[in-house]
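Enquirer:
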Amino acid sequence: MLDIKFIRENLELVEMAAAKKHIAVDLKRLIKLDDERREITQRLEEKRAEQNKVSEQIPSASAEEKQSLIASMQEVKTAVQADEEALRPVMEEWRTLMLQVPQIPDMTVPEGESDEDNEEVRTWGEQTTFDFEPKDHIELMTALKMVDFERGTKVHGFRGYYLLGDGARLTWAIWNYANQFFMEKGFTPMIPPTIVRKENFYGTGHLPNEAEDLYETQDGDSLTGTSEVSAMGYYRDEILDKAQLPTTFLAFSPCYRREAGSHGKDTKGLIRVHEFYKLEQVVLCEASHEESVRWHEQITANSEEFMQSLGIPYHVVVNCGGDLGQGQVKKYDIEAWVPKEGKYRETHSSSYFHDFQTRRFNIRYKDEDGTVRYAHSLNNTAIAAPRILVSLLENFQQADGSIAIPAPLVPFFGKDRIELPTR
RNA sequence: GGAGGGUUGGCUGAGUGGUCGAAAGCGCUUCACUGCUAACGAAGUAUGGGUUUAUAGCCCAUCAAGGGUUCGAAUCCCUUACCCUCCGCCA
Numbered sequence: 003m004l005d006i007k008f009i010r011e012n013l014e015l016v017e018m019a020a021a022k023k024h025i026a027v028d029l030k031r032l033i034k035l036d037d038e039r040r041e042i043t044q045r046l047e048e049k050r051a052e053q054n055k056v057s058e059q060i061p062s063a064s065a066e067e068k069q070s071l072i073a074s075m076q077e078v079k080t081a082v083q084a085d086e087e088a089l090r091p092v093m094e095e096w097r098t099l100m101l102q103v104p105q106i107p108d109m110t111v112p113e114g115e116s117d118e119d120n121e122e123v124r125t126w127g128e129q130t131t132f133d134f135e136p137k138d139h140i141e142l143m144t145a146l147k148m149v150d151f152e153r154g155t156k157v158h159g160f161r162g163y164y165l166l167g168d169g170a171r172l173t174w175a176i177w178n179y180a181n182q183f184f185m186e187k188g189f190t191p192m193i194p195p196t197i198v199r200k201e202n203f204y205g206t207g208h209l210p211n212e213a214e215d216l217y218e219t220q221d222g223d224s225l226t227g228t229s230e231v232s233a234m235g236y237y238r239d240e241i242l243d244k245a246q247l248p249t250t251f252l253a254f255s256p257c258y259r260r261e262a263g264s265h266g267k268d269t270k271g272l273i274r275v276h277e278f279y280k281l282e283q284v285v286l287c288e289a290s291h292e293e294s295v296r297w298h299e300q301i302t303a304n305s306e307e308f309m310q311s312l313g314i315p316y317h318v319v320v321n322c323g324g325d326l327g328q329g330q331v332k333k334y335d336i337e338a339w340v341p342k343e344g345k346y347r348e349t350h351s352s353s354y355f356h357d358f359q360t361r362r363f364n365i366r367y368k369d370e371d372g373t374v375r376y377a378h379s380l381n382n383t384a385i386a387a388p389r390i391l392v393s394l395l396e397n398f399q400q401a402d403g404s405i406a407i408p409a410p411l412v413p414f415f416g417k418d419r420i421e422l423p424t425r
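Heads up: the first sequence at position 299 corresponds to 301 in our numbering, and the numbers run straight through without jumps.
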């Protein structure tokens with residue numbers, strides 16, 4: 003959500019932002035509606051002032067005066083009601099349009115339509131080479147009895163899976179390692195709800211435009227596709243002390259995504275599934291662009307450091323305008339090397355929003371001088387599983403079909419190699 | 001799932017149709033006082049919007065949220081959310 007005053011004063015900038023993000027929003031219409039809103043509101047407030055003034059006189063007026071005052075106020079009331087009626091449809095459309103207005107992307111965001119146009123900013127590690135024919139994660143995991151896709155689809159349906167044996171154990175090891183790693187960085191661990199009210203999705207910016215991707219309950223709530231939604235909702239409608247900032251959560255939750263519109267993509271394996279688990283870095287910081295940028299680089303670096311500790315080759319891309327979410331100012335994706343596919347696949351997504359989300363959530367803080375400001379918000383994946391298994395297993399596979407476990411995971415996993423179980 | 005009772009400012013809590021944006025107390029801020037601290041005393045202490053050079057005034061809104069009744073609603077009615085008590089069910 004942008005401030006309507008800002009939109010009015012920077013209309014060209016907002017138009018450019020929408021164009022860069024390839025988002026269609028009728029800003030002319032919004033301004034026209036806002037003119038109407040202001041005009042009606044002003045009229046309405048004058049009448050209400052009149053009502054309030056006379057209402058103060060009525061109790062002390064004589065019986066005769068009282069009658070005439072009440073009679074005149076009946077007319078004012080009718081006029082007030084007429085204005086209220088007129089305002090209602092204006093506000094409804096005004097709100098709808100306001101929810102469509104995108105956040106202004108940063109100057110450094112490249113032009114482009116889709117993820118095809120994202121630009122590589124750096125790479126880490128060598129693209130893994132093998133002196134044997136490597137297998138993909140599906141073959142590897144199936145052979146090592148780490149996963150069962152057939153029974154997954156039998157029980158869940160399309161994109162269903164079971165993690166089994168070392169597949170489940172390795173996933174737990176990754177969570178536990180990630181927990182330790184990020185807690186050492188000062189993040190507060192959080193296990194948030196995943197069945198949440200719709201307003202939280204409006205808050206993060208997932209609604210109104212991503213409704214198709216949400217699972218709904220029969221009570222009108224939705225399942226979160228990322229713990230960002232419930233972690234951000236935590237401080238909704240609150241005014242924090244500045245001393246509470248920055249607030250950094252490491253939120254762990256299952257994530258539910260309908261993947262509507264991507265039925266043909268990644269139909270096999272663990273890249274794209276309807277439910278998975280993710281540890282997410284969520285940050286609220288003070289309202290300064292510099293702070294936002296500093297934290298953005300920091301939470302990106304955190305995840306890179308984590309990937310480096312695992313030894314997984316990756317690169318970082320800066321997302322182009324067309325691949326940015328409505329509320330995002332700038333976004334980096336970390337993409338891990340997947341040898342069998344011969345390309346990098348997204349494992350992390352790191353973005354900042356300025357006050358786009360906190361305006362919608364009404365999350366503010368009190369500055370030293372008493373000024374109340376909207377905080378800034380950011381988030382980045384810490385680690386998503388089982389997706390991370392794809393690159394992890396494919397990169398560390400051995401000629402004999404076993405998997406070498408990266409050293410930092412060994413204490414959590416309990417052994418340094420995955421081999422075919424004897425039973 | 002059934003029955004009943006609640007939701008008021010940072011907190012406790014008064015207020016059942018009219019000078020109520022809201023008593024009182026606590027907390028907090030400032031001032032005064034005191035050798036220092038405490039106590040006592042004085043003043044102040046919400047958020048959003050409009051107007052404005054203005055963090056001065058003035059105006060509008062907000063007593064869980066939304067709608068309604070009324071000239072007028074914290075107060076009456078309806079709906080929703082949440083909290084509490086009892087019964088039922090339950091990991």
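For every residue, glycine included, the Cβ atom is placed at its ideal position computed from N, Cα and C. It should be emphasised that the depicted structure is a prediction, and the values quoted were computed from it without experimental measurement.
Could you have a look at aspartate 138 and say whether DSSP puts it in helix, strand or coil?
Expert: Coil.
Enquirer: Check each candidate in Val320, Lys342, Arg31, Thr226 and name the one with the smallest Cα separation from valine 103.
Expert: When only C-alpha atoms are compared, the closest one is Arg31.
Enquirer: Can you grab the Cα-Cα spacing for the pair glycine 159 / arginine 50, in whole Å?
Expert: Distance between the alpha carbons of glycine 159 and arginine 50: 59 angstroms.
Enquirer: Relative to the C-alpha of asparagine 120, which residue among Pro408, Gly127, Val111 is closest?
Expert: Nearest option by C-alpha distance: Val111.
Enquirer: From Ser62, Pro91, His139, Glu14, pick the residue whose C-alpha is nearest to that of glutamine 400; which is it?
Expert: Considering only alpha carbons, the answer is His139.
Enquirer: Using the Cβ count rule (16 or more neighbours within 10 Å means buried), how would you classify phenylalanine 134?
Expert: Label assigned to phenylalanine 134: exposed.
Enquirer: Would you call the region 366–382 in contact with the region 282–291, where contact means no fewer than 3 C-beta pairs closer than 8 angstroms?
Expert: The region 366–382, when compared against the region 282–291, does touch it at the 8 angstroms Cβ threshold.
Enquirer: What number of angstroms, rounded off, separates the C-alpha of asparagine 321 from the C-alpha of arginine 153?
Expert: Each residue's alpha carbon lies about 37 angstroms from the other.
Enquirer: For serine 353, which residues in the same chain have their Cβ closer than 6 angstroms to its Cβ, ignoring the five residues on either side in sequence?
Expert: Cβ neighbours of serine 353 beyond the five flanking positions: Gln330, Lys333.
Enquirer: Provide the residue span of the alpha helix (DSSP H) that contains glycine 54, from first to last.
Expert: Correcting the residue identity first, residue 54 is asparagine in this sequence and not glycine. Asparagine 54 -> alpha helix (DSSP H) spans 29–59.
Enquirer: Would you please state the rounded distance, in angstroms, between the beta carbons of tryptophan 96 and leucine 35? I believe it to be under 8 angstroms.
Expert: Going by Cβ atoms, the distance from tryptophan 96 to leucine 35 rounds to 5 angstroms, so yes, they are a contact pair.
Enquirer: Where does the unbroken beta strand (DSSP E) through asparagine 382 begin, and where does it stop?
Expert: Looking at the DSSP string, the run of the beta strand (DSSP E) that includes asparagine 382 is 378–387.
Enquirer: Taking 8 angstroms as the cut-off, decide whether the C-beta atoms of phenylalanine 254 and alanine 386 are in contact.
Expert: No, the Cβ-Cβ distance between phenylalanine 254 and alanine 386 is not below 8 angstroms.
Enquirer: Would you grab the beta carbon distance between glutamate 306 and valine 318 for me? Rounded to a whole angstrom, and I think it's under 8 angstroms.
Expert: Right, the Cβ-Cβ distance comes to about 7 angstroms (below 8 angstroms), so this counts as a contact.
Enquirer: Flag this pair as yes or no: are the beta carbons of aspartate 239 and isoleucine 197 separated by less than 8 angstroms?
Expert: Not in contact: aspartate 239 and isoleucine 197 (Cβ atoms no closer than 8 angstroms).
Enquirer: From leucine 165 to glycine 205, what does the alpha carbon distance come to, in whole angstroms?
Expert: Distance between the alpha carbons of leucine 165 and glycine 205: 33 angstroms.
Enquirer: Have a look at glutamate 293 and threonine 302 and give me their C-alpha separation to the nearest angstrom.
Expert: C-alpha separation (whole angstroms): 14 angstroms.
Enquirer: Entirely within the region 50–135 and at least 3 residues each: give me those beta strand (DSSP E) ranges in chain order.
Expert: Here the runs fully enclosed are 121–126.
Enquirer: Alpha carbon to alpha carbon, what distance is there between threonine 360 and alanine 63?
Expert: Between alanine 63 and threonine 360, the C-alpha separation is close to 49 angstroms.
Enquirer: Taking C-alpha atoms, which residue in Glu52, Ser57, Val92 lies nearest to alanine 81?
Expert: Among Glu52, Ser57, Val92, the Cα nearest to that of alanine 81 is on Glu52.
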